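Asker: Below: one structure in structure tokens.
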Amino acid sequence: MNKNPDESKNGSELRRRAEELLKVKGTIGGDFAGFEGMSMEVQSLVHELQVHQVELEMQNEELLQAQEQLAAARDRYFDLFDLAPVGYFMLSEDGTIWEANLAGANLLGIHRSQLLGKAFSHFVVEQDQDIFFLCRRKASQTHTRVEDDLRLLRTGGSIFYAHLDLDPTTRHDAQARLIVSDVTQRVLLEQSLVKDKVILSAAERLAFLGGWEWDIEKDEVSLSDELQRIYECEKSSYSFKDFLLLAHPEDRAVKIAALEKALSGDAWFNFEHRILRQKDNVERYIKVSGEVIFDKTGKPLKVYGASQDVTELRENERSLKSHTTRLEALTRDLESFTYVASHDLQAPLRKILKFGELIKTNLPLETDEIVCDYIGRMQKAAARMQSLISDLLNYSQIPNGIRSYKNVNMNHVVQNVLDDLELQIKSSKAQVDVCDLPVLSADPTLMQQLFQNLISNAIKFHEPGKAPVVKIESRYLTPQMVEIQVIDEGIGFDEKHLERIFRPFVRLHGNSTFDGTGIGLSICHKIVERHSGSITAHSKPGKGTTFIIKLPVQQA
């Protein structure tokens with residue numbers, strides 16, 4: 225049999241080293257000195273035996289060194305294998321786990337000794353079994369690495385997302401090496417990004433808002449899907465020159481000037497221009513804002529912008545302006561009517577009252593009682609009509625727009641009202657108790673009118689023979705909102721009429737019982753509403769009424 229050249233070379237080298245070692249030891253002529261009488265043949269044989277013994281010793285030493293190196297390498301391998309940040313598994317042909325590292329066992333939430341002999345598919349969720357099966361089959365058939373993501377089930381029942389790296393192996397005891405990484409955070413982040421993208425797209429559509437990006441070096445402007453819909457263009461990218469052409473010819477200079485200013489160092493830009501949609505040539509108004517991104521040297525790199533279709537907003541503004549102009553004209557007409565009502569309508573009433581008084585004064589003493597009754601009824605009707613017109617004018621003159629508010633001490637307002645109602649309070653023997661009231665941002669004249677109506681009603685609507693009792697209290701609902709209550713022990717009302725009492729000319733009690741025009745509470749409601757507040761009431765027939773007013777401490 226012919227020897228391998230490498231083996232012959234190694235054998236010669238080993239013999240040479242053994243010969244040198246024998247010379248160093250001085251074996252011949254030393255240990256074998258008693259054999260000088262031997263023949264040369266015997267001496268040669270002894271020498272060969274000595275060399276062979278040295279070779280065996282050397283080979284044994286090298287073998288021990290190799291075993292030590294192999295053991296050290298094996299230790300390093302197992303350290304790396306067990307301490308790896310990913311799970312390592314050796315799988316048999318049918319997918320059974322033959323070997324696993326500590327990280328793999330920890331990922332699956334099971335002791336490593338309990339893993340061995342289990343099918344890895346046992347830890348794959350049912351819905352992802354097909355993914356794992358196809359990965360194994362592809363790796364087996366193609367003898368190439370296969371990677372995929374699926375969900376794994378821990379022994380505790382929790383599920384996590386895993387990335388599988390399946391690599392066929394040449395080891396006789398395993399069919400494939402499987403590397404498993406926990407990618408739950410990555411998958412959840414990807415899902416969140418997808419969700420955010422969907423929400424952003426929906427928000428863009430809802431707000432008619434689209435984004436664009438200008439890569440200055442590439443001279444490419446990329447448009448979002450929504451911006452393509454706004455412009456009604458088919459392309460998603462343009463050169464900057466072509467992008468400018470999408471603007472209305474009369475507004476291109478505005479767009480260029482704003483962008484040039486931003487590129488020169490201002491960075492931010494905000495402007496508005498018109499476009500002509502490409503498909504139907506319809507004019508639309510576009511509001512644009514964005515920012516220029518510069519490199520460390522100050523060179524502009526990219527421009528990010530957002531464009532919003534504000535056509536409907538501008539049309540609404542024009543419509544609002546038109547309606548405001550019309551409303552102002554109607555307000556002037558109402559003011560004219562108010563002037564007519566306050567002068568021309570009340571003048572005849574004053575004459576009726578005056579002439580009625582003259583007639584009563586100049587009538588003979590023997591005048592029929594029926595005639596006197598008729599004259600009295602005429603005067604009462606005229607006086608009631610005069611009061612009604614006065615209240616109606618008060619109601620119409622409550623401002624609809626913004627007034628100049630000032631800080632008003634409500635204690636002073638209520639005290640002024642009580643001074644004005646002094647005769648009514650004394651004649652009815654009413655008791656009015658007022659707690660400490662706050663300072664509010666309000667119109668003092670309207671506040672006095674509000675509390676005059678409420679306190680006057682509280683005194684007026686009481687049971688005959690019983691002195692009225694009125695309480696005024698307040699509290700802070702929040703640091704920005706105050707509640708004031710006007711409480712009486714009067715006749716009350718059924719709360720089914722609550723909404724009606726704040727309507728003009730609504731009276732729950734007849735004229736014969738209580739005087740009034742039925743417009744006082746309407747005035748209160750309008751005043752509170754003009755102060756961004758609310759008014760309501762709680763009441764029961766015969767149990768009194770509590771009016772609840774909520775007002776902001778400061779007007780917006």
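Note that the sequence shown covers residues 225 to 780 in our numbering.
C-beta: ideal position from N, C-alpha, C; glycine also.
Since the model is a prediction, treat every value here as computed from it, not as a measurement.
Within 8 Å, do at least three Cβ pairs link the segment 701-716 to the segment 639-649?
Answerer: No, because fewer than three Cβ pairs between the segment 639-649 and the segment 701-716 fall closer than 8 Å, the two stretches do not touch.
Asker: If I'm right that GLU330 touches TYR312 with Cβ under 8 Å, what's the distance once you round it to whole angstroms?
Answerer: One detail in the question is off: residue 330 reads as Asn in this sequence, not Glu. About 12 Å; that fails the 8 Å criterion.
Asker: From GLU243 to LEU280, what distance separates their C-alpha atoms?
Answerer: Looking at the two C-alpha atoms, the distance is approximately 13 Å.
Asker: Of the choices GLU536, TYR455, PRO309 and HIS636, whose alpha-carbon is the least far from that of GLN502?
Answerer: Residue TYR455 is the option with its Cα nearest to GLN502.
Asker: Mind checking whether ILE725 and LEU701 have CB atoms under 8 Å apart?
Answerer: No, these two residues do not count as a Cβ contact at 8 Å.
Asker: Judging by CA-CA distance, which residue of LYS604, SER560 and LEU558 is the nearest neighbour of LYS578?
Answerer: It is LYS604 whose Cα lies nearest to the Cα of LYS578.
Asker: If you drop the 5 nearest sequence neighbours on each side, which residues of the same chain put their C-beta closer than 7 Å to that of GLU536?
Answerer: Contacts found: none.
Asker: What did DSSP end up calling GLU456 once you bin it into helix, strand or coil?
Answerer: Coil, per DSSP.
Asker: Determine the burial state of TRP492: buried for a count of at least 16 other Cβ atoms within 10 Å of its Cβ, exposed for fewer.
Answerer: Looking at its Cβ environment, which holds fewer than 16 other Cβ atoms inside 10 Å, TRP492 is exposed.
Asker: When we look at the beta-carbon of LEU775 and count the other beta-carbons within 10 Å, is it buried (16 or more) or exposed?
Answerer: Buried.
Asker: LYS764 by DSSP, collapsed to three states: which one?
Answerer: In this structure, LYS764 counts as coil in the three-state DSSP scheme.
Asker: Buried or exposed for LYS653, please, with buried defined as at least 16 other CB atoms from any protein chain shown within 10 angstroms of its CB.
Answerer: The residue is exposed, with fewer than 16 neighbouring Cβ atoms inside 10 Å.
Asker: Might you give, ordered along the chain, the residues of its own chain that have their beta carbon closer than 8 Å to the beta carbon of ALA363, omitting 5 neighbours on each side?
Answerer: So the qualifying residues of the chain are ARG369, VAL370, LEU390, ASP391, PRO392 and ALA400.
Asker: Quick one: using the 10 Å Cβ neighbour count with 16 as the cut-off for buried, is ILE383 buried or exposed?
Answerer: Exposed.
Asker: Taking the continuous beta strand (DSSP E) assigned at HIS749, which residues delimit it?
Answerer: Careful: HIS749 lies outside any beta strand (DSSP E), inside the alpha helix (DSSP H) at 744-754.
Asker: For SER598, count the other beta carbons within 10 Å of its own beta carbon; 16 or more makes it buried, fewer makes it exposed. Which is it?
Answerer: Just to set this straight, residue 598 is Tyr in the shown sequence, not Ser. So TYR598 counts as exposed.
Asker: To test your reading of the DSSP string, which unbroken beta strand (DSSP E) runs of 3 or more residues are found completely within the segment 597-685?
Answerer: The qualifying runs are 630-633, 655-658 and 663-666.
Asker: Reducing DSSP to helix, strand and coil, say where ASP712 ends up.
Answerer: ASP712: strand per DSSP, three-state reduction.
Asker: Please classify VAL418 as buried or exposed, where buried requires at least 16 other C-beta atoms within 10 Å of its C-beta.
Answerer: With fewer than 16 other Cβ atoms within 10 Å, it is exposed.
Asker: Looking only at its own chain, which residues have a Cβ that is under 7 Å from the Cβ of GLN353, when we skip the five neighbours before and after it?
Answerer: So the qualifying residues of the chain are SER345.
Asker: Quick check: what's the CA-CA separation for ALA327 versus GLY333?
Answerer: Answer to the nearest angstrom: the Cα atoms are 10 Å apart.
Asker: Please go through the segment 376-405 and give each complete beta strand (DSSP E) segment of 3 or more residues, from N-terminal end onward.
Answerer: With a minimum length of 3 residues, the continuous beta strand (DSSP E) runs that stay inside the segment 376-405 are 383-392.
Asker: Considering only the beta carbon of each residue, do LEU722 and ALA682 sit closer than 8 Å?
Answerer: Contact flag unset, no.
Asker: Assuming THR379 and ALA343 are in contact, meaning their beta carbons sit under 8 Å apart, how far apart are those beta carbons, in whole angstroms?
Answerer: Not really, about 14 Å apart at Cβ, beyond 8 Å.
Asker: Which word fits ARG556, buried or exposed, when buried means at least 16 other C-beta atoms lie within 10 angstroms of its C-beta?
Answerer: Classification for ARG556: exposed.
Asker: Contact check, VAL663 vs VAL693 under 8 Å by CB: the rounded distance?
Answerer: Their Cβ separation, rounded to whole angstroms, is 27 Å, which puts VAL663 and VAL693 out of contact at 8 Å.
Asker: Once DSSP output is grouped into helix, strand and coil, what is the label at ALA343?
Answerer: Residue state, collapsed to three classes: strand.
Asker: Hey, is LEU775 close to the ligand PLP, as in C-beta under 7 Å from one of its heavy atoms?
Answerer: For the structure depicted, the ligand PLP is absent and the ligand set is empty, with no information on it obtainable.
Asker: Ignore the nearest five residues each way along the sequence and tell me which others in LEU645's own chain have a CB closer than 8 Å to its CB.
Answerer: Cβ neighbours of LEU645 beyond the five flanking positions: GLN676, ILE679, SER680 and ILE683.
Asker: Could you give the C-beta distance for GLY434 and LEU447, rounded to a whole number, given that I count them as a contact under 8 Å?
Answerer: Their Cβ separation, rounded to whole angstroms, is 7 Å, which keeps GLY434 and LEU447 in contact under 8 Å.
Asker: Out of PHE771, ASP306 and LEU483, state which residue places its alpha-carbon closest to the alpha-carbon of PHE495.
Answerer: Considering only alpha carbons, the answer is LEU483.
Asker: Hey, how far is the Cα of GLN532 from the Cα of SER416?
Answerer: Roughly 26 Å between the two C-alpha positions.
Asker: Which of the three DSSP states, helix, strand or coil, is assigned to GLN704?
Answerer: Coil.
Asker: Does the beta-carbon of ASP255 have 16 or more other beta-carbons within 10 angstroms, so that it is buried, or is it exposed?
Answerer: Legend: pLDDT at ASP255 = 49, less than 50; position of this residue unreliable, value from coordinates given subsequently. Label assigned to ASP255: exposed.
Asker: Can you check which of these residues, LYS764, THR770 and GLU707, is closest to SER758 by C-alpha distance?
Answerer: Answer by Cα proximity: GLU707.
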